[in-house]
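Notes to accompany the following structure.
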Amino acid sequence: MAQAKTSQKPAELHRVTDSRWFYRLWEIIPGFVSWAVILSPIYLSLIAPVGLAYLIIAFDIMWLLKSVRMSWALIRGYNRLQYITAQDWEANLRQLKDVSAALQKTEAEYAELAPKSNQRVNQVHLNKKKRWLRGEVERLRLLESHEATILNPDDLYQVIILAAYNEPPEIIEPSVNAILNSDYDMSRVIFVMAYEQRGGEAMAKTARELQKKYHKQFADYLAVCHPSDIAGELKGGGKGPNITYAGRAVKDYIEKKAIDPEKVLVTTVDADNRLHKRYLSRLSYAYCINPNRLHTSFQPIALFLNNIWDVPAPIRVVAWGNSIWPMIESIRAPRLRNFATHAQSLQTLIDTDFWSVTSPVEDGHQFWRTYFTYDGDHVAEPLFVPVYQDAVLAARYHRTFLAQYKQLRRWAYGVSDVPYMVKNSIQNKQIPWGNKLVQFGRLFEGHFSWATVPVLLTFAAWAPLFLNPSFNQQVLAHQLPVVASRLLTFATAGIFITIWISFLLLPTKPARYHHIKFVSMLLQWILMPVIGIAFGSFAAIDAQTRLMLGRYLGFTVTEKAVKK
Numbered sequence: 005m006a007q008a009k010t011s012q013k014p015a016e017l018h019r020v021t022d023s024r025w026f027y028r029l030w031e032i033i034p035g036f037v038s039w040a041v042i043l044s045p046i047y048l049s050l051i052a053p054v055g056l057a058y059l060i061i062a063f064d065i066m067w068l069l070k071s072v073r074m075s076w077a078l079i080r081g082y083n084r085l086q087y088i089t090a091q092d093w094e095a096n097l098r099q100l101k102d103v104s105a106a107l108q109k110t111e112a113e114y115a116e117l118a119p120k121s122n123q124r125v126n127q128v129h130l131n132k133k134k135r136w137l138r139g140e141v142e143r144l145r146l147l148e149s150h151e152a153t154i155l156n157p158d159d160l161y162q163v164i165i166l167a168a169y170n171e172p173p174e175i176i177e178p179s180v181n182a183i184l185n186s187d188y189d190m191s192r193v194i195f196v197m198a199y200e201q202r203g204g205e206a207m208a209k210t211a212r213e214l215q216k217k218y219h220k221q222f223a224d225y226l227a228v229c230h231p232s233d234i235a236g237e238l239k240g241g242g243k244g245p246n247i248t249y250a251g252r253a254v255k256d257y258i259e260k261k262a263i264d265p266e267k268v269l270v271t272t273v274d275a276d277n278r279l280h281k282r283y284l285s286r287l288s289y290a291y292c293i294n295p296n297r298l299h300t301s302f303q304p305i306a307l308f309l310n311n312i313w314d315v316p317a318p319i320r321v322v323a324w325g326n327s328i329w330p331m332i333e334s335i336r337a338p339r340l341r342n343f344a345t346h347a348q349s350l351q352t353l354i355d356t357d358f359w360s361v362t363s364p365v366e367d368g369h370q371f372w373r374t375y376f377t378y379d380g381d382h383v384a385e386p387l388f389v390p391v392y393q394d395a396v397l398a399a400r401y402h403r404t405f406l407a408q409y410k411q412l413r414r415w416a417y418g419v420s421d422v423p424y425m426v427k428n429s430i431q432n433k434q435i436p437w438g439n440k441l442v443q444f445g446r447l448f449e450g451h452f453s454w455a456t457v458p459v460l461l462t463f464a465a466w467a468p469l470f471l472n473p474s475f476n477q478q479v480l481a482h483q484l485p486v487v488a489s490r491l492l493t494f495a496t497a498g499i500f501i502t503i504w505i506s507f508l509l510l511p512t513k514p515a516r517y518h519h520i521k522f523v524s525m526l527l528q529w530i531l532m533p534v535i536g537i538a539f540g541s542f543a544a545i546d547a548q549t550r551l552m553l554g555r556y557l558g559f560t561v562t563e564k565a566v567k568k
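As C-alpha cells, then:
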C-alpha cells in the first residue's frame, strides 16, 4: 500500500501544478507583493511610524551599498568590453585548428623575448609584450587541456535570423551591411530574413528587394514569411512566433544539406540590430571552445546607441539605462539572462522546440525554457561584444514616448516567467532545490525591485511626516527625510560613473548637430529620477497589475523611424 501511495504522488503533483488556479495564484503574487510594498509607507505611517523610519533608513543604506557594487561592476564591464573588442578573434579561431602547435610557437616566442635595450621606451614596450605573451601561453595551455572537445571552426555555420515586421529598407539595410562588414568568412554565414505577412505588400517587397541585392554575399539567403493568425500563437504575432517559424525552416534546410545541427549556431536579431564587426568571430570562438556548448546561451551586450543623438532627452536617459544594465549583468554572470540579441546552437533550439510562440518576451523566456529542458544545466555566457540597436524613435514626439513606455512594459511583462518557473520547478525533480530557489529569488527580486525601488526611494521617507500628525511632533520625523536624502546623495554618486561611461561610449556626433548638443547630453541626467519612476516603476507596475488581473499583454511592435 505504501508503495502504491508513493507512485501516485507525481501524478497528484502534476494535477496541482497544471491546475489553472495554481498558475493564476502565481500570476497574482508578484503584483500583489509589489503593490503591498509600494503602499506600505502609507499604512505603516499610521500604525508603526517609528518602525517604518528605521526600515527606510535600512533600505537606503542597502541601496547605497548596492549602488557602489553596481558602479564597480559597470567600470569592470566597460573595461572588459574594450579589451574583448580589441582582440583579433579571427587569429584566435585559426589557432583552434591546432592548439598544440599554436602553444609551442607562442611558448618559443615568449622564451626568446628579452630586453635588448636600456632605453626606457623599449623596455616598457617589451614588458608589455611579455605580459601579453604570458597571457596567451596561459590561454593556450588551458585550451590544450581539453583540446579533444574543441570544435573545428571550419566546420561551424552561423545562421543569423533577422526578424522584421514593417520596417523600411533604411532600417534593415544597415543591419545587413553590419553583418557583411564582419571580420568573418561570409561563406559560413546563412542569412534568414524572417518577415511578417501582416506587414503587408510593402514588407514583402522589401524582403524581395533585399534578397535580390544581397543573396550572393552569404553562403545562402533565405526569405521566410511568417503567416498571420496561426492557431495557438500569441495574439498580434510577435517576434517569438516569427523567428520560431523561420527557425523550423532553417532546420529543414540544414537537414537537406546533411549538416550536423550541433555545428550550426543561430543568432536572432531585430531589424535595427547592427552587429559589431568582431561579434561573429568572438561568438564562434566562445562556442567552439565550450565543452558544454549545447547547454549555453551566448549573450552580447545591447547598446541602444545607433540614433542616440536624434532622440529626445528623456528617451536618451532610458536608452543609456537599457545599455548600462546589460554591461553590469554581464559582469555578474550567474545573473545573466537572454536579452534581445542572443545565440544558441540549432540543436539546442530543436531540443527546446525553438522559441516560445505565446510569450511577448521570448528572449528572457527562452532562458527558462532551456534551463528546464536540460534539467538546470544551462547558463548564459557573456561575450562582451556590443550589438548596436536603435533607441526608440517614432514619427511624432508624443508617439515616441508612448512607444518607449509600451516597449518597457513589454520587457517588464517578463514577470510572467514567475508562474512558469514555479510550476516547472515543482515538477522537475532533477534540479537541486537549492539551485531552483536561487534562480527563483533572482527572477522575483529583479521584477520586484524594478517596480518598487524608484518609488520607495523618492517618496517613502516623506510619508510618516505628512500622514501621521502625532509622529510629526517627533524629531525623528523631521530628521528622516534629511538622513534619507544624504544617504541617497552618496548613492547617486554612481550616476557620475554612468555619465562618464556614457560619454566614453557615445558615438560620433552627426555633422548636422552643433557642439552645444554635448551640453544637453550632460544636462539630460537631471531627468533620471523622474524617468526612473515614469518609465521604470510605472511600466513594471502596469505589467504586473495586468498579469495579476488576468489582462494578458499581447505583442506591441515598437514603431521605428529614421531622422533624416
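Quick note: to get the working numbering, add 4 to the position in the sequence shown (first position is 1).
For glycine and all other residues, C-beta sits at the position ideal for the given N, C-alpha and C.
Distance between residue j and residue i (C-alpha atoms, nearest Å)
{"i": "H451", "j": "A416", "result": "7 Å"}
{"i": "S11", "j": "Y378", "result": "Low confidence applies here, because S11 scores a pLDDT of 39, under 50, leaving its location unreliable and the question unanswered by this model."}
{"i": "K138", "j": "F358", "result": "Residue identity check: residue 138 is Arg in the sequence provided, not Lys. For R138 and F358, the distance between alpha carbons rounds to 42 Å."}
{"i": "L551", "j": "Y82", "result": "36 Å"}
{"i": "I176", "j": "L97", "result": "29 Å"}
{"i": "F463", "j": "L469", "result": "11 Å"}
{"i": "Q351", "j": "G251", "result": "11 Å"}
{"i": "V459", "j": "V37", "result": "14 Å"}
{"i": "R80", "j": "Y218", "result": "39 Å"}
{"i": "W437", "j": "K255", "result": "35 Å"}
{"i": "A208", "j": "F405", "result": "29 Å"}
{"i": "S360", "j": "Y556", "result": "16 Å"}
{"i": "A152", "j": "D102", "result": "11 Å"}
{"i": "I305", "j": "Q478", "result": "50 Å"}
{"i": "T356", "j": "E200", "result": "23 Å"}
{"i": "S334", "j": "I51", "result": "43 Å"}
{"i": "Y401", "j": "P514", "result": "20 Å"}
{"i": "M532", "j": "L526", "result": "12 Å"}
Of the listed residues the options, nearest to residue i (C-alpha basis)
{"i": "E148", "options": "N246, R80, P157 and A105", "result": "A105"}
{"i": "E237", "options": "A323, F559, V566 and A565", "result": "F559"}
{"i": "P390", "options": "F522, E31 and P330", "result": "P330"}
{"i": "F539", "options": "K220, A407, T496 and I42", "result": "A407"}
{"i": "D381", "options": "E449, R516, I154 and R297", "result": "R297"}
{"i": "V561", "options": "N439, Q348 and G203", "result": "G203"}
{"i": "R336", "options": "W76, C229 and A455", "result": "W76"}
{"i": "Y114", "options": "R135, G554 and V534", "result": "R135"}
{"i": "A198", "options": "C229, V54 and P318", "result": "C229"}
Residue i, DSSP secondary structure in three states
{"i": "D274", "result": "strand"}
{"i": "Y392", "result": "strand"}
{"i": "K564", "result": "strand"}
{"i": "Y556", "result": "coil"}
{"i": "Q478", "result": "coil"}
{"i": "Y225", "result": "strand"}
{"i": "K9", "result": "Any reading at K9 must be qualified, since the residue scores a pLDDT of 37, below 50, and its modelled position is unreliable; the value itself is stated next. Residue state, collapsed to three classes: helix."}
{"i": "Q162", "result": "strand"}
{"i": "T89", "result": "helix"}
{"i": "E177", "result": "helix"}
{"i": "P316", "result": "coil"}
{"i": "E200", "result": "strand"}
{"i": "L371", "result": "The displayed chain sequence assigns Phe, not Leu, to residue 371. Here F371 sits in helix by DSSP."}
{"i": "I263", "result": "coil"}
{"i": "E171", "result": "coil"}
{"i": "S129", "result": "Inspection of the sequence shows that residue 129 is occupied by His rather than by Ser. H129: helix per DSSP, three-state reduction."}
Cβ neighbours of residue i in the same chain (closer than 8 Å, five flanking residues each side left out)
{"i": "W466", "result": "P485"}
{"i": "M5", "result": "Confidence in M5 is poor, its pLDDT being 35 and thus under 50, which makes the residue's placement unreliable; the coordinate value appears in the next sentence. Answer for M5: no residue qualifies."}
{"i": "V288", "result": "Per the sequence presented here, residue 288 reads as Ser, with Val not at that position. Closer than 8 Å at Cβ, skipping near neighbours: W93, L97, P157, L160, Q162, Y188 and L269."}
{"i": "I328", "result": "L78, T502, I505 and S506"}
{"i": "K427", "result": "T21, D22, F26, Y27 and W30"}
Proximal residues to residue i (C-beta, below 7 Å), its chain only, five neighbours per side dropped
{"i": "D159", "result": "K267"}
{"i": "D421", "result": "G368, H369, W372 and L447"}
{"i": "V383", "result": "T300"}
{"i": "F286", "result": "A small correction: the amino acid at residue 286 is Arg; Phe does not occupy that position in the sequence shown. Excluding positions up to five away in sequence, the list reads I88, W93, L387 and V389."}
{"i": "T345", "result": "T271, T272, V273, N277, P304, A306 and V391"}
Cβ-heavy atom distance, residue i to the ligand ZN, below 6 Å
{"i": "G540", "result": "Here there are no bound small molecules, and the ligand ZN is not part of this structure."}
Contact set for residue i: own chain, Cβ-Cβ below 6 Å, skip 5 residues either direction
{"i": "E171", "result": "A275 and K564"}
{"i": "H518", "result": "none"}
{"i": "L68", "result": "L491, F494 and A495"}
{"i": "Q99", "result": "A106"}
Report yes or no: do the region 109-119 and the region 127-146 share at least 3 C-beta pairs separated by less than 8 Å?
yes
Kindly confirm or deny that the region 532-549 and the region 406-416 touch, where touching means at least three C-beta pairs closer than 8 Å.
yes
Three Cβ pairs or more, each shorter than 8 Å: is that satisfied between the region 322-334 and the region 382-398?
yes
Counting Cβ pairs closer than 8 Å, one from the region 243-253 and one from the region 157-176, do we hit at least three?
yes
The region 192-202 / the region 216-229 touching (three or more Cβ pairs under 8 Å):
yes
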